[in-house]
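These notes are about the structure you will find just below.
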Amino acid sequence: MFQLMITAGILLAYVSKGFDTGIISGASPLIESNFKLTVAETGFVTSAVLIGSAAGALGVGPLADRFGRKKLLILASLFFIAGVRVIFLFFPY
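Each number in the working numbering comes from the position in the sequence shown (counting from 1) with 10 added on.
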């Protein structure tokens with residue numbers, strides 16, 4: 011049962027990462043046209059997701075040691091859920 015829970019958690023992490031990638035790639039043309047960005051600037055906005063992931067990975071180790079991995083994972087999941095709700099609030103835009 012434990013291995014099944016670990017596998018399910020890993021799959022959820024992959025799904026959330028894919029969701030982020032899908033959202034930003036679908037929004038890129040709208041971001042480019044609405045903010046009058048060049049292709050290079052739009053590429054930077056798109057890659058900011060990966061830059062944020064790398065920065066977060068570097069900083070989360072000490073926080074996990076201090077507060078625990080489980081608490082941080084729950085907190086990160088709550089932020090992700092809140093972000094998805096904000097996205098759906100602005101869906102017609």
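Where is the CB? At the ideal position from N, CA and C, for every residue including glycine.
Rounded to the nearest whole angstrom, the CA to CA distance from Leu47 to Leu99 is 24 Å. Under the DSSP assignment, Gly78 falls outside any alpha helix (DSSP H); it carries neither an H nor an E label.
For Phe29, the enclosing alpha helix (DSSP H) has its first and last residue at Phe12 to Asn44.
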